[in-house]
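Note sheet for the following structure.
Chains as they are written, first to last, in our numbering: chain W, 1 to 80; chain A, 1001 to 1405; chain Z, 2001 to 2308.
This is the structure in structure tokens:
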């Protein structure tokens, strides 16, 4: 799943989008509520994407490469 | 938040301080009814949030209920310093023997509330303090330890007052001190507190101001006084559409703080500036270099992208504003990249080219590398800390006013 | 040397799981500060950038082997700030930085009074904390470690400012001029604050590294008068240079309006920029027109004092 706002894009690899435990965790760690945990798994809240503060806590909370934060103003360069 | 006299008197009354048997009304016929109930001469007082109402003819004396009605009708139509009266207060004309002053304010240097008392009531306390310092008693009190009446007594005694007046005023000043703290006031004043011919003491006027920051926990009192949320904080002037728009953006999101003002500004330089100190410095710098700002603003406390965007939109939607200058003192917690995102988003959403619209962007500091990448991408002229606030303000004046002239 | 904090100072973050607190925790750790824990009620067991989170300060102290940290940075919302600061004071914490703004004065006064009784010192509220360049920072002052290093290099000028942003702006100017900073304190912009210019002067006076003081000031309040009085009474060894912002507020069309920090509300004639400048200059404290005039004047004043 990939969603882009003006400045930031968020990608959650498809194999992780239906993991409710990951959804709940991302929901808890993200300080600007970009991720929403649902019964089905992970959802991305579009209107909050550009509020991303590049803290990387979503990377820390996820298995390897599950999520990517992309800087659209810098050629789509990933945060990590 | 400021209170009308009739509200201030109600607050005083609720604290157990004696008041006269007054009545408040917005209707001249009802003023007559109140005067009939009171019986005897009355005073009709305009209820406005501005000083000088006596001079302006907003206070009149009536011997009969009919006269009270006539005065009320006149006063209800009388605008004072641009303020429409909220209503009139019909007060029994008191038979005064002596007037006293009592008040409580914050003393920022001592960091404690300060009680003031004088036996020269009915006039401005600052004037009394200057001309007759020996007639003013002062005393701080604790916000931690319990209040006790002797503290009020000491202040009254220091003003040179003794006898029955000392004894009768002590519990009144003590109650005023307590209500000051209990209600998050920044000013609580009874002027005058009067000794009547019959020996009783009564508050003949009251002036109260609540700290805006305390309003959240004083909802019960505000509601009991019948003050609706639409009255806001009752600033001393009428907020402009711009000011209301910025306030709404700020209130909608708890992240960071933005403020915008344009009363007193009529230029064409849209200012997106911050923080508290930076805004004051930059406004001085723009004006001292011949610039005419369209507004004043403040960004602080790391606002969200949405909030920075909302402020920029409000400024850009002001009449005559084509370009904005985005400038701050070096930021620590507010982030360069977040503000850059916000102002660019505002331009894009209004269908404007960010590179054309943002005359200069001078915000160095936290996350400037990311911020500068964003500004590069949109072709916006920016500068780092090697360009001083003064120089940045000068460039803004040159680019915007030069272009407009 | 430095004032109030040094390389060994330990502190905690109250409200550590908030958006701003997460940031400033990262920044302080990167800068070399010793953060020994954080508190957010209900979040015990979490970690923020490796810093353990507790429900209460008592739990934190117990985890810390009974050792009470030296300081706390308080970043909780205004309604809970007084309680958080009381918790820190009752735990025996002696240096408290309050970042939160919009706290009612009644609460600030109570916190300051309790701190005085406990021999503790409050910096703020509505401030960014303090920094000893190259050693430690307590609070968001200067921002991320690498940005802080750009603005703050060790030197011999003490900085005190009612504006957090202007603390860094002035320090950056001093650093760029090769003077550097001994300790910079963002004292806060509210009408009542824990530590005023005059109250911090004795610390700078005792700090051998400090050879001059720069203050940033605004209309409103009596703090400059207090500083002027202190300077006269104590025959200070330190030259002081002031910058005053907000002169436009003296204009007629700006009367009755408030700008800037809560503390800038002009309540009387003595509060105005014009009056304050006169009072400071009378006490031998020159007031500059522009920030970029500060370094040359500081150098001149230091030279004058060392020649005397």
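C-beta: ideal position from N, C-alpha, C; glycine also. Because the structure is a prediction, the values reported are computed rather than measured.
Can you find a C-beta in chain A that's less than 8 Å from the C-beta of residue 2149 of chain Z? Within the third chain, the letter at position 149 stands for residue 2149 of chain Z. Residue-level contact check: residue 2149 of chain Z does not touch chain A, since none of the beta carbons of chain A fall below 8 Å from its beta carbon.
Along chain Z, which residues have their Cβ under 7 Å away from the Cβ of residue 1377 of chain A? Residue 1377 of chain A sits at position 377 when you count from the first residue of the second chain. Neighbours of residue 1377 of chain A in chain Z, taken as residues whose beta carbon is under 7 Å from its own, are absent, since the nearest beta carbon is some 21 Å off.
Cut-off 6 Å between Cβ atoms - residues of its own chain near residue 1022 of chain A, not counting five sequence neighbours on either side: On the second chain, position 22 is the one that residue 1022 of chain A refers to. Correct list, in chain order: 1089, 1091.
Could you name the residues that DSSP lists as bridge partners for residue 56 of chain W? Within the first chain, numbered from 1, the residue matching residue 56 of chain W stands at position 56. In the DSSP assignment, residue 56 of chain W forms no beta bridge with any residue.
Chain W contact residues for residue 1341 of chain A, given Cβ-Cβ distances below 8 Å: Residue mapping note: residue 1341 of chain A aligns to position 341 of the second chain, counting from 1. Under the 8 Å cutoff, chain W gives 6, 7, 50.
Under 8 Å, do residue 1150 of chain A and residue 1172 of chain A count as touching if we go by C-beta distance? Here residue 1150 of chain A refers to the residue found at position 150 of the second chain. Here residue 1172 of chain A refers to the residue found at position 172 of the second chain. Cβ atoms of residue 1150 of chain A and residue 1172 of chain A: not closer than 8 Å.
Check residue 2017 of chain Z in the structure and name its three-state DSSP category. The count along the third chain starts at 1 and reaches residue 2017 of chain Z at position 17. Residue 2017 of chain Z carries a coil assignment under DSSP once its states are collapsed to helix, strand and coil.
Along the chain, which unbroken stretches of the alpha helix (DSSP H) at least 4 residues long are found entirely within the segment 2151-2238 of chain Z? Taken in chain order, the whole alpha helix (DSSP H) runs of length 4 or more contained in the segment 2151-2238 of chain Z are 2164-2176, 2197-2206, 2223-2234.
Can you name the residues of chain A whose CB is closer than 8 Å to the CB of residue 2104 of chain Z? For this step, residue 2104 of chain Z is matched to residue 104 along the third chain. Correct list: 1184, 1211, 1213, 1214, 1217.
Who are the neighbours of residue 156 of chain W on chain A, taking C-beta pairs under 7 Å? Outside the modelled stretch of chain W, which goes from 1 to 80, sits residue 156 of chain W, for which no answer is possible.
For chain W, is any of its Cβ atoms less than 8 Å away from the one on residue 1370 of chain A? Here residue 1370 of chain A refers to the residue found at position 370 of the second chain. Interface residue, yes.
Taking residue 1167 of chain A as part of the alpha helix (DSSP H), name the residues at either end of that continuous run. For the purposes of this step, residue 1167 of chain A is identified with residue 167 of the second chain, where counting begins at 1. Element bounds for residue 1167 of chain A: 1163-1182.
Classification of residue 2101 of chain Z by the beta-carbon crowding that lies within 10 angstroms, buried from 16 upward: As a first step, residue 2101 of chain Z must be located in the third chain, where it is residue number 101. By the neighbour-count criterion, in which a residue is buried when 16 or more other Cβ atoms sit within 10 angstroms of its Cβ, residue 2101 of chain Z is buried.
Are the beta-carbon atoms of residue 1139 of chain A and residue 1127 of chain A separated by less than 8 Å? Within the second chain, the letter at position 139 stands for residue 1139 of chain A. Within the second chain, the letter at position 127 stands for residue 1127 of chain A. No.
Residues sharing a beta bridge with residue 1004 of chain A, DSSP: Taking the first residue of the second chain as position 1, residue 1004 of chain A is located at position 4. According to the DSSP secondary-structure assignment, residue 1004 of chain A is paired through a beta bridge with no residue.
Jot down the residue ranges of each uninterrupted alpha helix (DSSP H) in the segment 1301-1332 of chain A, minimum 4 residues, whole runs only, in chain order. Qualifying alpha helix (DSSP H) stretches, in chain order: 1305-1316.
Provide the residue span of the beta strand (DSSP E) that contains residue 1268 of chain A, from first to last. Counted from its first residue, the second chain places residue 1268 of chain A at position 268. For residue 1268 of chain A, there is no enclosing beta strand (DSSP E), as DSSP marks it with neither H nor E.
Just grab the DSSP bridge partners of residue 1113 of chain A for me. The sequence position of residue 1113 of chain A within the second chain is 113, counting from 1. Note: residue 1113 of chain A is bridge-paired with A:1106 in the DSSP secondary-structure output.
CA-CA distance, residue 1213 of chain A and residue 2293 of chain Z? Along the second chain, read from residue 1 onward, the residue named residue 1213 of chain A stands at position 213. Along the third chain, read from residue 1 onward, the residue named residue 2293 of chain Z stands at position 293. One C-alpha to the other measures close to 37 Å.
Residues in the same chain with beta-carbon distance under 7 Å from residue 2215 of chain Z, minus the five sequence neighbours each way, listed in chain order, please. As a first step, residue 2215 of chain Z is located in the third chain; it is residue number 215 there, counting from the start. Taken in chain order, the residues that qualify are 2160, 2161, 2197, 2240, 2242.
So if I threshold CB-CB distances at 7 Å, which residues from the segment 2017-2030 of chain Z count as touching chain W? Listed in sequence order: 2019, 2022.
Roughly how many angstroms lie between the CA atoms of residue 1100 of chain A and residue 1193 of chain A, to the nearest whole one? Locating residue 1100 of chain A in the second chain gives position 100, where the first residue counts as 1. Locating residue 1193 of chain A in the second chain gives position 193, where the first residue counts as 1. Cα atoms of residue 1100 of chain A and residue 1193 of chain A: separation of roughly 5 Å, rounded to the nearest angstrom.
Residue 79 of chain W touches chain A at which residues, Cβ-Cβ below 8 Å? On the first chain, residue 79 of chain W is found 79 positions in, with the first residue counted as 1. Per Cβ cutoff of 8 Å: no residues; residue 79 of chain W is ~10 Å from chain A at best.
Secondary structure at residue 1371 of chain A, three-state DSSP: helix, strand or coil? Position 371 of the second chain, counted from the first residue, corresponds to residue 1371 of chain A. Residue state, collapsed to three classes: helix.
Whole-angstrom distance between residue 79 of chain W and residue 64 of chain W, CA atom to CA atom: Indexing the first chain from 1 puts residue 64 of chain W at position 64. Indexing the first chain from 1 puts residue 79 of chain W at position 79. Taking the straight line from one Cα to the other gives about 14 Å.
Just to make sure I have the definition right: I need the residues of chain A whose C-beta is within less than 9 Å of the C-beta of residue 2161 of chain Z. Which are they? For the purposes of this step, residue 2161 of chain Z is taken as residue 161 along the third chain, with counting starting at 1. By Cβ distance, chain A contributes 1277.
Simplified DSSP assignment, three categories, for residue 1209 of chain A: Here the question's residue 1209 of chain A lines up with position 209 in the second chain. In the three-state reduction of the DSSP assignment, residue 1209 of chain A falls in the strand class.
By how many angstroms is the C-alpha of residue 2152 of chain Z removed from the C-alpha of residue 2171 of chain Z? Walking along the third chain from the start, residue 2171 of chain Z turns up at place 171. Walking along the third chain from the start, residue 2152 of chain Z turns up at place 152. Distance from the CA of residue 2171 of chain Z to the CA of residue 2152 of chain Z, rounded to the nearest whole angstrom, comes to 6 Å.
Does any C-beta atom of chain A lie closer than 8 Å to the C-beta of residue 2052 of chain Z? Counting from 1 along the third chain, the entry for residue 2052 of chain Z is found at position 52. At a cut-off of 8 Å, the C-beta of residue 2052 of chain Z has no neighbouring C-beta in chain A.
Alpha carbon of residue 2169 of chain Z to alpha carbon of residue 2213 of chain Z, nearest angstrom: Here residue 2169 of chain Z is taken as the residue at index 169 of the third chain, counted from 1. Here residue 2213 of chain Z is taken as the residue at index 213 of the third chain, counted from 1. Rounded to the nearest angstrom, the two C-alpha atoms are 15 Å apart.
Using DSSP's beta-bridge definition, name the partner residues of residue 1098 of chain A. Residue 1098 of chain A sits at position 98 when you count from the first residue of the second chain. Residue 1098 of chain A pairs with A:1195.
Helix, strand or coil for residue 2047 of chain Z per DSSP? For the purposes of this step, residue 2047 of chain Z is taken as the residue at position 47 of the third chain. Under the three-state reduction of DSSP output, residue 2047 of chain Z falls in the strand class.
Segment contact, 8 Å Cβ cut-off, at least three pairs: the segment 1235-1250 of chain A with the segment 1312-1322 of chain A: Touching, yes.
Skipping 5 residues on each side, what residues in its chain have a beta carbon closer than 6 Å to that of residue 1002 of chain A? To locate residue 1002 of chain A, count along the second chain from 1; it is residue 2. The answer, listed in chain order, is 1049, 1209, 1234.
DSSP state of residue 2059 of chain Z, grouped into three classes? Locating residue 2059 of chain Z in the third chain gives position 59, where the first residue counts as 1. Helix.
Quick test of the definition: if touching needs 3 or more C-beta pairs under 8 Å, does the segment 2133-2148 of chain Z touch the segment 2181-2192 of chain Z? Touching, per the Cβ criterion.
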